[in-house]
Amino acid sequence: MTSSRRAVRWSAACAATAVLWSAGAAHAAGPGDNTTQPPSSEKPSGGSDKKGTLSAGVSSIQLSYPSGGDSGGKKGNLAPIDPNWEPPACWYEPAFTSAELKEFVDKDGGGDVGIHESWWGKGLWTDHYRDGKPADNFDLHADSNSQADGYKDYNEGKDGRFWRGVAPDDSDPKSWDCGRIMFWVDANEIPDDPNAPTPKMLAEYAYDKVKVPETKVELKPEAKSTVNLPTWAWLDKGTFKDVKVRAELPNTPLWAETTAKPKSLHLEPGTADAETFPASGECEINDDGSIGTPYAKGKTKQDPPCGIKYLRATDGKPYQLKASITWEISWEGTGGTGETMPDGTFETTQDMDVQEVQSINR
């Protein structure tokens, strides 16, 4: 008789408890009992890998960077201006054809049959996907788990794929919204499920992968300013350009392309004893893609279109000038879909020393 193990992987946000079935017997395992993990030689390392394991933490979504992704220098992820915006917590995507699942099981593959459930040993897989026995989904927000009907011979001869849940972070309570174990979907169809992938979901996934260049503004005077004399700030044209990230879901027609377009530069002097130009601190991008105007000789006492005037000198500790670029986000995708998403920002900090005007009495 083949021994098999079924482990429920509770996130820290939900419970520190697991359930273990072995050869048909069930018992509860406490937090100190390591029964939720497979033996070290079988431990998942991500995706459906060469070790024969399957992980719900690794997606098959393919990313590419049509523009802006290969620019040099330091980069970072955008922070959405809307604090309520967040990337998708979980979704379903195609994994195995019937033949591929049969091969996976025959090799005694183990791993995540659902986001929060792992099956280790051949018996659990064959019971459900070969011999037609029902199994539980995991519906954390329902009074009881729903049941998934079993399959006969892995649906051999049918055209389609088994779909699985994916969650980049299974400790996120929202990942429990995708509580189904791996299920069948006919070819050229998208599952009828609230967490089925859509072009918008792929666009949100791509937004989370956008990386933009570090914001380092040109300053005159550089790094050291003088009380009551304006410091000019600018970014040359071509410093920032549109960044595009394309996300495609294999074995579906779904795709989306998310575009981040530089919109404005925002300056925060790092002290209340300062004025910004313009007063809002928001320097709009020019038609040629530049921001502000470079300093030219003779403009020392003029107010710059983009810049800062410090009113008090530093005292051994520089002010922290924060410069952030606001990026306008939009997307387009399958079937002519598309819309805008919340703007994003990326911020960097520069040291600013400010000195008093020196005068000489003769």
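So the sequence shown is residues -28 to -1, 1 to 334, counted in mature numbering (1 follows the signal peptide of the UniProt record, and there is no 0).
A virtual CB, placed ideally from N, CA and C, is assigned to each residue, including glycine.
Computed from a prediction, not measured in an experiment: that's the story for all the values here.
Euclidean distance between Cα positions of residue i and residue j
i: residue 85; j: residue 256; result: 50 Å
i: residue -1; j: residue 155; result: Only weak support exists for where residue -1 lies, its pLDDT of 24 falling under 50; the coordinates are left without a value.
i: residue 229; j: residue 165; result: 23 Å
i: residue 212; j: residue 232; result: 10 Å
i: residue 326; j: residue 89; result: 59 Å
i: residue 173; j: residue 224; result: 14 Å
i: residue 258; j: residue 168; result: 41 Å
i: residue 342; j: residue 79; result: Only positions -28 to 334 of the chain appear in the structure, and residue 342 is not among them; the question remains open.
i: residue 95; j: residue 73; result: 14 Å
i: residue 220; j: residue 188; result: 33 Å
i: residue 324; j: residue 25; result: 53 Å
i: residue 82; j: residue 160; result: 28 Å
i: residue 307; j: residue 34; result: 19 Å
i: residue 270; j: residue 178; result: 47 Å
i: residue 114; j: residue 148; result: 11 Å
i: residue -22; j: residue 142; result: 14 Å
i: residue 290; j: residue 239; result: 16 Å
i: residue 244; j: residue 146; result: 41 Å
i: residue 93; j: residue 76; result: 12 Å
Where residue i sits in the DSSP three-state scheme
i: residue 160; result: coil
i: residue 127; result: helix
i: residue 170; result: coil
i: residue 328; result: coil
i: residue 227; result: strand
i: residue 146; result: helix
i: residue 251; result: coil
i: residue 268; result: coil
i: residue 35; result: strand
i: residue -22; result: strand
i: residue 186; result: coil
i: residue -12; result: With a pLDDT of 34 at residue -12, under the threshold of 50, the modelled position of that residue is not reliable, and the figure given next carries that caveat. Coil.
i: residue 98; result: helix
i: residue 210; result: coil
i: residue 89; result: strand
i: residue 335; result: As displayed, the chain neither begins before -28 nor continues past 334, which places residue 335 out of reach and without an answer.
i: residue 115; result: coil
i: residue 48; result: strand
i: residue 180; result: coil
Inter-residue CB distance, residue i and residue j (contact presumed, cutoff 8 Å)
i: residue 305; j: residue 186; result: Contact doesn't hold; Cβ gap of about 29 Å is too wide.
i: residue 202; j: residue 309; result: Going by Cβ atoms, the distance from residue 202 to residue 309 rounds to 47 Å, so no, they are not a contact pair.
i: residue 267; j: residue 204; result: 4 Å
i: residue 163; j: residue 64; result: 6 Å
i: residue 53; j: residue 314; result: 5 Å
i: residue 191; j: residue 263; result: About 13 Å; that fails the 8 Å criterion.
i: residue 250; j: residue 265; result: So it is not a contact: roughly 13 Å between Cβ atoms.
i: residue 131; j: residue 158; result: 7 Å
i: residue 69; j: residue 133; result: 6 Å
i: residue 242; j: residue 210; result: So it is not a contact: roughly 28 Å between Cβ atoms.
Proximity winner among the options, relative to residue i (alpha-carbon distances)
i: residue 57; options: 319, 68, 321 and 312; result: 312
i: residue 196; options: 60, 274, 282 and 102; result: 282
i: residue 36; options: 183, 246 and 280; result: 183
i: residue 71; options: 125, 107 and 111; result: 125
i: residue 105; options: 111, 29 and 97; result: 97
i: residue 372; options: 123, 108 and 122; result: Here the chain covers residues -28 to 334 and nothing more, so residue 372 does not appear.
i: residue 279; options: 40, 246, 50 and 139; result: 246
i: residue 287; options: 317, 219, 328 and 253; result: 328
i: residue 38; options: 77, 176, 153 and 218; result: 218
i: residue 317; options: 323, 30 and 301; result: 301
i: residue 30; options: 81, 138 and 271; result: 138
i: residue 254; options: 260, 235, 261 and 270; result: 235
i: residue 297; options: 237, 222 and 321; result: 237
i: residue 176; options: 216, 103, 120 and 135; result: 216
i: residue 40; options: 151, 198, 181 and 285; result: 181
i: residue 200; options: 77, 275, 103 and 121; result: 275
i: residue 152; options: 127, 119 and 123; result: 119
i: residue 299; options: 51, 321 and 28; result: 51
i: residue 198; options: 91, 67 and 285; result: 285
i: residue 128; options: 103, 150, 319 and 62; result: 103
i: residue 140; options: 272, 62 and 32; result: 62
i: residue 222; options: 252, 67, 28 and 295; result: 67
Bridge partner(s) assigned by DSSP for residue i
i: residue 295; result: 239 and 320
i: residue 192; result: 204
i: residue 73; result: Residue 73 is not bridged to any residue.
i: residue 215; result: 232
i: residue 26; result: 83
i: residue 341; result: In the structure as shown, the chain starts at -28 and stops at 334, and residue 341 therefore has no counterpart that could be examined.
i: residue 64; result: 137
i: residue 312; result: 302
i: residue 198; result: 327
i: residue 58; result: Its beta-bridge partners do not exist; DSSP assigns none.
i: residue 282; result: 246
i: residue 120; result: 107
Cutoff 9 Å: residue i Cβ touching any chain D Cβ
i: residue 243; result: In the structure shown, chain D cannot be found, because there is only a single protein chain.
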